[in-house]
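Visitor: So the sequences go chain by chain: A and B.
The first sequence lines up with residues 426 to 540 when you count with our numbering.
The second sequence lines up with residues 84 to 198 when you count with our numbering.
Glycine residues also receive a C-beta, built at the ideal position from the N, C-alpha and C atoms.
Nothing here was measured: the structure is a model prediction, and the numbers come from that model.
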Amino acid sequence: DGGITQSPKYLFRKEGQNVTLSCEQNLNHDAMYWYRQDPGQGLRLIYYSQIVNDFQKGDIAEGYSVSREKKESFPLTVTSAQKNPTAFYLCASSLRSGGSTDTQYFGPGTRLTVL
Amino acid sequence: AQSVAQPEDQVNVAEGNPLTVKCTYSVSGNPYLFWYVQYPNRGLQFLLKYITGDNLVKGSYGFEAEFNKSQTSFHLKKPSALVSDSALYFCAVRFGSSNTGKLIFGQGTTLQVKP
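Set out below in structure tokens:
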């Protein structure tokens, strides 16, 4: 978990609200990723960014939005359009954009619960 | 389709016995393979990876994995299991031709080590 921080650790959302999950890294990594984890389904990629001011949709981007205004920060917004947002959200980073041999390092995660 | 499979949802071993957590993959081209471990309500921790070279890869906490190209497998092993090894283990693959850094994860295998 070292070098990547996520906040808050736990987040509760009411129906119809947008919420933003924070992800910060001090590893000087170019690439950053957001994953969603549900029990028994492994990790699914939401969005990724290979460089500042650029990002691409992953496999399950609907209902989510991101920004990458600074190299060290990649916040994820869960919008009201996301129908089933209750999950564990993990942020990751890797050294180089497109670095196929690079290891992804993960933050400690944020558990989002919709009330 | 390119994919990763972890055929066992759960593996049970006695402390001190050897353990194996299985992973098979289906890709075109050269695969880069990774193993991660996750403790409850925590992020993923990197254990080891195979990029090229020796098929037997050694990683953190005494774990190792063997890349077998003919069987398209990358099983995780440890000669002597500890109770503290009990956790959720993920295998992941990235393709050599990938320029996005995207990882494809297996569903995860829960390892239970009993005293």
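Just to confirm before moving on: does the CB-CB distance between B/S163 and B/P101 stay below 8 angstroms?
Guide: Residue mapping note: residue 163 of chain B aligns to position 80 of the second sequence, counting from 1. Residue mapping note: residue 101 of chain B aligns to position 18 of the second sequence, counting from 1. Cβ atoms of B/S163 and B/P101: closer than 8 angstroms.
Visitor: Would a check of beta-carbon distances place B/F146 closer than 8 angstroms to chain A?
Guide: Here residue 146 of chain B refers to the residue found at position 63 of the second sequence. False, the Cβ-Cβ gap to chain A never drops below 8 angstroms.
Visitor: Checking 8 angstroms against the spacing of the C-beta atoms, do A/R493 and A/V477 come in under that value?
Guide: Residue 493 of chain A sits at position 68 when you count from the first residue of the first sequence. Residue 477 of chain A sits at position 52 when you count from the first residue of the first sequence. The answer is yes: Cβ separation under 8 angstroms.
Visitor: Looking at the secondary structure, which residues open and close the beta strand (DSSP E) in which B/Q93 lies?
Guide: On the second sequence, position 10 is the one that residue 93 of chain B refers to. Unbroken beta strand (DSSP E) run through B/Q93: 93-97.
Visitor: Along the region 493-522 of chain A, what residues have a CB closer than 9 angstroms to any CB found in chain B?
Guide: Answer set for the region 493-522 of chain A: F513, L515, C516, A517, S519, R521, S522.
Visitor: Quick one: give me the first and last residue of the beta strand (DSSP E) that B/S156 is part of.
Guide: Residue 156 of chain B sits at position 73 when you count from the first residue of the second sequence. Here the beta strand (DSSP E) through B/S156 covers 156-161.
Visitor: Under 8 angstroms by Cβ, that's how I've got A/Q507 and A/G488 pegged, so tell me the actual separation to the nearest angstrom.
Guide: Within the first sequence, residue 507 of chain A is the residue found at index 82, counting from 1. Within the first sequence, residue 488 of chain A is the residue found at index 63, counting from 1. That pair is a contact at about 3 angstroms.
Visitor: Hey, how far is the Cα of A/L436 from the Cα of A/G534?
Guide: Here residue 436 of chain A corresponds to residue number 11 of the first sequence, with the count starting at 1. Here residue 534 of chain A corresponds to residue number 109 of the first sequence, with the count starting at 1. Each residue's alpha carbon lies about 11 angstroms from the other.
Visitor: For B/V166 versus B/V87, is the C-beta distance shorter than 8 angstroms?
Guide: The residue labelled residue 166 of chain B in the question sits at position 83 within the second sequence. The residue labelled residue 87 of chain B in the question sits at position 4 within the second sequence. Contact: no.
Visitor: Could you check if A/D527 is buried or exposed, using at least 16 other CB atoms within 10 Å of its CB as the buried criterion?
Guide: For the purposes of this step, residue 527 of chain A is taken as the residue at position 102 of the first sequence. Buried, by the Cβ-count rule.
Visitor: Considering B/E149, what are the terminal residues of the beta strand (DSSP E) in which it resides?
Guide: If you number the second sequence from 1, residue 149 of chain B lands on position 66. 147-151 is the extent of the beta strand (DSSP E) around B/E149.
Visitor: Report yes or no: is there a C-beta of chain A within less than 8 angstroms of the C-beta of B/L127?
Guide: Your numbering for residue 127 of chain B matches position 44 in the second sequence. Yes, its Cβ sits closer than 8 angstroms to a Cβ of chain A.
Visitor: Excluding five sequence neighbours on each side, which residues of the same chain lie with their C-beta closer than 8 angstroms to the C-beta of A/I485?
Guide: Residue numbering aside, residue 485 of chain A sits at position 60 when the first sequence is read from its first letter. So the qualifying residues of the chain are R461, R469, L470, I471.
Visitor: Taking the Cβ atom as the reference point for each residue, do A/P510 and A/V491 lie within a distance shorter than 8 angstroms?
Guide: If you number the first sequence from 1, residue 510 of chain A lands on position 85. If you number the first sequence from 1, residue 491 of chain A lands on position 66. Contact: no.
Visitor: B/Q121: buried (16+ other C-beta within 10 angstroms of its C-beta) or exposed?
Guide: As a first step, residue 121 of chain B is located in the second sequence; it is residue number 38 there, counting from the start. Classification of B/Q121: buried, given that the 10 Å Cβ count is 16 or more.
Visitor: Against chain B, with Cβ distances strictly below 8 angstroms, would A/Q442 count as a contact?
Guide: The residue you call residue 442 of chain A lines up with position 17 of the first sequence. No, its Cβ sits nowhere closer than 8 angstroms to a Cβ of chain B.
Visitor: In chain B, what lies closer than 7 angstroms to A/A486 by C-beta?
Guide: Here residue 486 of chain A corresponds to residue number 61 of the first sequence, with the count starting at 1. Result: empty, since nearest Cβ-Cβ is about 13 angstroms, beyond 7 angstroms.
Visitor: With DSSP run on the structure shown, which of helix, strand or coil describes B/D168?
Guide: Walking along the second sequence from the start, residue 168 of chain B turns up at place 85. Three-state DSSP puts B/D168 in a helix.
Visitor: Among B/N151, B/G184, B/Q85, which one has its Cα closest to the Cα of A/H454?
Guide: As a position in the first sequence, residue 454 of chain A is number 29, starting the count at 1. The shortest Cα separation from A/H454 among B/N151, B/G184, B/Q85 belongs to B/G184.
Visitor: Any beta carbon of chain A sitting closer than 8 angstroms to that of B/T183?
Guide: As a working note, residue 183 of chain B is residue 100 in the second sequence. Yes, contact with chain A.
Visitor: I'd like to know whether the C-beta of B/F157 is nearer than 8 angstroms to at least one C-beta of chain A.
Guide: Indexing the second sequence from 1 puts residue 157 of chain B at position 74. No, B/F157 does not count as interfacial toward chain A.
Visitor: Take A/A517 as the anchor and find which of A/S505, A/D463, A/N451 has the nearest alpha-carbon.
Guide: Within the first sequence, numbered from 1, the residue matching residue 517 of chain A stands at position 92. Of the candidates A/S505, A/D463, A/N451, the one whose C-alpha sits nearest the C-alpha of A/A517 is A/N451.
Visitor: Are any of the Cβ atoms in chain A nearer than 8 angstroms to that of B/Q195?
Guide: As a working note, residue 195 of chain B is residue 112 in the second sequence. No, B/Q195 does not count as interfacial toward chain A.
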